[in-house]
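Since the structure comes first, as structure tokens, the remarks are kept for the end.
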Amino acid sequence: MKKTTVPGATILLILAALSACVSSPPPAPEPAPAAPADPDVAALVRAGDVTALRDLGKGRALVNKPAANGDYPLHAAALRPEPEMAALLLDQGAEIDSRDAAGKTPLRRALEAGSLRTAELLAARGADIFAPDSSGVSPLDDALAKGPEPLAAIVKAGNIDRRGADGRTALHAAADRLLLPAVTYLLSLSPDLSVRDNGGRTALDCALLHPSRKESAQISRLFVLRGAVPGFGDFDWFILAARTGDWARPRFSEGDTVLHRAVRNNLKGFVEYFLDEKVPVDLKNAAGATSLHEAVRAGRYDIAELLLSRGANPNARDGFGNTALHIALPESGRREVMELLIRNKADPSLKDRSGNTPLHVAVQLGYGADTAPLFLDAGAFVDSANAEGDTPLALAVRKMRP
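Residue numbers are given in my numbering: position 28 of the sequence shown equals residue 79, and the series is strictly consecutive.
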């Protein structure tokens with residue numbers, strides 16, 4: 052058979068025709084358009100863009116979406132001095148007590164920023180004034196520490212009796228911290244004074260827990276004048292005296308004044324308060340004892356020091372002629388009290404009705420040997436005889452005999 056030669060050009064044409072018969076791949080699909088990013092609500096708040104906030108499409112979901120740092124949009128709004136942004140977010144469903152990374156609520160952040168109008172709005176809309184942050188500090192704690200103005204922004208008549216987890220109201224907290232201006236403001240809101248915390252204490256009880264402070268007496272008086280009654284302790288005398296309006300006039304059993312009662316009960320803050328209220332420091336009870344006599348008898352060095360600093364007479368005599376140095380002193384702190392009296396011009400040479408000097412008493416009661424030099428250096432006499440003719444020296448010699 053004769054071979055037929057196919058020209059190269061013909062082969063190329065055939066190949067081109069064959070390739071035209073093969074299907075071409077479908078074109079790649081167009082990428083779907085990207086979903087629009089959610090607006091940064093916190094940025095809108097910081098910019099004050101009210102219109103954009105009102106036009107939010109996802110409303111509640113966006114206003115409760117935290118930023119990378121843990122802040123919610125309402126935290127940003129809380130920093131603004133004007134409350135409109137916070138109100139708008141709340142209207143759109145923002146959680147009022149959302150917590151940032153430190154556990155702080157928007158109300159707490161508003162107080163820290165000094166945005167009191169915004170803080171007032173948040174509290175009025177139900178923000179929890181007792182919500183603690185991660186370190187245990189609440190908005191109420193912050194407000195009490197800052198003074199009456201922040202407190203007045205977040206505590207009103209509508210939430211004055213609201214309680215925290217411990218059962219305490221704002222009034223309990225203020226009274227426990229002895230914050231007189233805060234208590235005065237809170238009492239003006241007509242709170243329920245009978246409310247007890249989880250420990251059974253009223254706000255007045257909280258104030259009375261700190262009797263070494265003058266503010267305890269000042270605050271307790273405000274409560275008593277509004278009809279509050281303490282739940283513990285013997286304070287009937289205080290209630291009676293507070294209601295008379297004259298601290299110096301009332302007399303109690305044994306002729307005691309308010310000063311005598313406060314000294315006996317170791318209420319140093321009350322003693323200071325009564326002295327500030329001009330109760331005469333040397334008033335005597337039925338036995339003729341002054342408050343200084345009682346302070347020395349009980350070994351209350353700090354109260355004796357306070358009384359002396361306010362002009363108490365260290366040589367005042369009771370009905371038996373005893374000065375404070377004649378009083379039998381408790382062993383604990385005895386020397387300190389004697390030194391205090393002598394520094395304040397107590398005279399160890401004075402005699403009681405039996406003719407005894409303080410040195411006679413010291414020998415009779417067996418005070419330490421170091422007592423005699425203390426009295427002698429201050430002017431006592433070893434040869435001063437009492438009504439029975441005994442001198443301190445004779446008594447000392449007699450006590451040493453078997």
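By construction, the Cβ of each residue, glycine as well, lies at the ideal position given by its N, Cα and C atoms.
What residue range does the alpha helix (DSSP H) around THR295 cover?
287-295
Between SER383, PRO124 and VAL280, which has its C-alpha nearest LEU255's C-alpha?
VAL280
Where does VAL309 fall in DSSP's three states?
helix
Please classify PRO365 as buried or exposed, where buried requires at least 16 neighbouring CB atoms within 10 angstroms.
buried
Can you name, in chain order, every residue of its own chain whose Cβ lies under 6 Å from the Cβ of ASP243, other than the five neighbours on each side?
ASP212
Secondary structure of VAL433, DSSP reduced to three states
coil
Would the region 338-355 and the region 290-301 be scored as touching if the rule is three or more Cβ pairs under 8 Å?
no
So, for ALA438: in the same chain, excluding its five sequence neighbours on each side, which residues have a beta-carbon less than 7 Å away from its beta-carbon?
SER405 and GLY406
Which residue wins for smallest C-alpha separation from ALA153, given the options ASP184, TYR123, ASP142 and ALA127?
ASP184
Over what stretch of residues does the alpha helix (DSSP H) that includes GLN143 continue unbroken?
Run containing GLN143: none; DSSP gives neither H nor E here.
Where ARG368 falls: helix, strand or coil (DSSP)
coil
Compare the C-alpha of ALA128 against each of VAL114, ASN115, VAL96 and ALA204 and name the closest.
VAL96
Under 8 Å Cβ to Cβ from GLY417, same chain only, skipping five residues before and after it: list those, please.
LYS450
With C-beta atoms as the reference, is LYS402 less than 8 Å away from GLY362?
no
What's the C-alpha gap between THR422 and GLU387?
11 Å
Would you mind stating whether LEU237 and GLU200 have Cβ atoms separated by less than 8 Å?
no
Mapping DSSP to helix, strand and coil, what is VAL246?
coil
Given 8 Å, three or more beta-carbon pairs between the region 189-199 and the region 224-237
yes
Tell me which residue opens and which closes the alpha helix (DSSP H) that GLU200 is part of.
199-205
Take the Cβ of SER239 as the centre, count every other Cβ of all protein chains shown within 10 Å, and call the residue buried at 16 or more, exposed below.
exposed
Ignore the nearest five residues each way along the sequence and tell me which others in ALA86's own chain have a CB closer than 8 Å to its CB.
With a pLDDT of 45 at ALA86, under the threshold of 50, the modelled position of this residue cannot be trusted; read the value that follows with caution. Correct list: empty, nothing qualifies.
Among LEU229, THR220 and LEU260, whose alpha-carbon lies nearest the alpha-carbon of SER241?
THR220
Reducing DSSP to helix, strand and coil, say where ARG160 ends up.
helix
For GLY440, which of helix, strand or coil comes out of DSSP?
coil
8 Å Cβ shell around SER400 - same chain, five flanking residues per side excluded
THR408, GLY430, ALA431, PHE432 and SER435
Would you kindly work out how many angstroms separate the C-alpha atoms of HIS411 and LEU334, rounded to a whole number?
27 Å
Going by DSSP in three states, GLY187 sits in which element: helix, strand or coil?
coil
Do you know offhand how far LYS8's Cα is from SER360's?
Any answer about residue 8 is impossible in this case: the structure gives the chain only from 52 up to 453.
Using the Cα positions of VAL330 and ALA299, report the straight-line distance between them to the nearest angstrom.
5 Å
Based on Cα-Cα distance, which residue from PRO117, LEU343, GLY306 and ALA174 lies nearest to GLY209?
ALA174
Is it buried or exposed, VAL114, if we count other Cβ atoms within 10 angstroms and call 16 or more buried?
buried
Determine whether the beta carbon atoms of VAL314 and ILE290 lie at a separation below 8 Å.
no
If you draw a straight line from the C-alpha of ARG159 to the C-alpha of ALA112, how long is it?
23 Å
If you drop the 5 nearest sequence neighbours on each side, which residues of the same chain put their C-beta closer than 6 Å to that of GLY384?
GLY350 and TYR352
How is ILE354 classed by DSSP in three states: helix, strand or coil?
helix
Using only the alpha-carbon positions, how far apart do ALA118 and LEU140 sit?
15 Å
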